[in-house]
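Chains as they are written, first to last, in the numbering used here: chain A, 247 to 367; chain B, 247 to 367. C-beta atoms are modelled at their ideal positions from N, C-alpha and C, and glycine is treated no differently. Here the structure is laid out as C-alpha cells; the discussion comes afterwards.
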DNA sequence: TTTGTTTGTAACCATTCTGTTAAATAAAAG
DNA sequence: CTTTTATTTAACAGAATGGTTACAAACAAA
C-alpha cells in the first residue's frame, strides 16, 4: 500500500470540480451576495444551491455573515490559494508565458528541480 | 455497445479533482513514465490506473508516446495552464488580503483592491 | 505461427454526487 | 401568538465515479 492519498485538502479540489460551484464563486467576485440572490442566478432549486454553498463553505472557500434570517456569502480565497500552491511546480512548464514570474523564480531558488529553462524577468 | 461512460468529455477540473490523478501528475513531474511504471506506484489495479490516465489524457493534461506495445506518458502542462487562468482573478483576492504581501507590494502596489460590498444587480 | 509481454476495454458492483420535493428551523412582522 | 419570510436539512431517485476481475488487442520474440 502506497497510500499516496492526502497530498492536500481533498475537499478544495472537489469543491471547484463542479461547474455550478465555480460559477457561484465567480458570482461572488462581484461582492457579497445573499443566499437567495445566489439561487436566483442559477437554474436549480434553492436547496441545491444551499448544498453547493455548504460544500464551498466547508472547503473554506467562502465566508458567511448573518443578519436576521438572511445569510450573506462572500469569497474566502485562502482555500484557492491552496490550489495555487499545488499548481506552483507545474507552472514551471509554461512559465515563459506568464507575466508574473516572481514566485516561480523564488520557488526554483529553493527547490533545485530539473533544468532551469531560461526564465527571465 | 455499452456506451463507454467512463470516459466522457470531462473538464480539467474533474480530472484534477481525484487525488490519484493528481498524484499521477506529480509522478510525471519527474519525467516521462511508462504505463506500468505508473501503476506500480499506486495501490490500485492497472486497469484503474489506465482509466485515470485516460481521463487525464482526455482532459489534455498529458501526452502519450508509443513504442511497440509500451506507452509512455508525460505532462502536457497546457491543460493546467487553463486552471491557472481560471485562478488568476482570485489570486488578486488572497494576495491583496494577507499572503505574501511583499510580492504584492512589488508587483502591484497600486491595485490594493479591498472591494467593499459591491451589490451589483 | 505461436507464445509471452504490455496495456487498454468491458462488465459489474458499491459508493458518492446532484437534483427534487417536503419538512424543519429561525427570526421578523402583524 | 400566529403568520410570513428566508434558508437549511431530510429523504429519496437517478446518474456518475472509482474500484475490481476477466477479456481483448497490439506487438516482439521464438
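Residue state for residue 307 of chain B is assigned as coil, using DSSP reduced to three classes. Following the DSSP letters along the chain, one finds residue 267 of chain B inside the alpha helix (DSSP H) bounded by residues 265 to 274. Collapsing the DSSP output to three states places residue 337 of chain A in a helix.
Note on geometry: alpha-carbon atoms of residue 276 of chain B and residue 266 of chain A lie some 34 Å from one another. Fewer than three Cβ pairs drawn from the stretch 301 to 319 of chain A and the stretch 298 to 307 of chain B lie within less than 8 Å of each other, which leaves the two stretches out of contact. For chain B, none of the residues of the stretch 303 to 317 of chain A brings a beta carbon within less than 7 Å of one of its beta carbons. Closest option to residue 274 of chain B, judged by alpha-carbon separation, among B/299, B/264, B/291 and B/263: B/299.
Residue 308 of chain B is a Cβ neighbour of residue 322 of chain B, given a cutoff of 7 Å. Secondary structure at residue 277 of chain B: coil, using DSSP grouped into helix, strand and coil. Chain-ordered, the chain B residues with CB closer than 7 Å to the CB of residue 262 of chain A read 259.
Taking a Cβ-Cβ threshold of 7 Å, the residues of chain B close to residue 324 of chain A are 340, in chain order.
Rounded to the nearest angstrom, the Cβ distance from residue 284 of chain A to residue 262 of chain A is 16 Å, too far for a contact under 8 Å. Bounds of the beta strand (DSSP E) holding residue 318 of chain B are 316 to 321.
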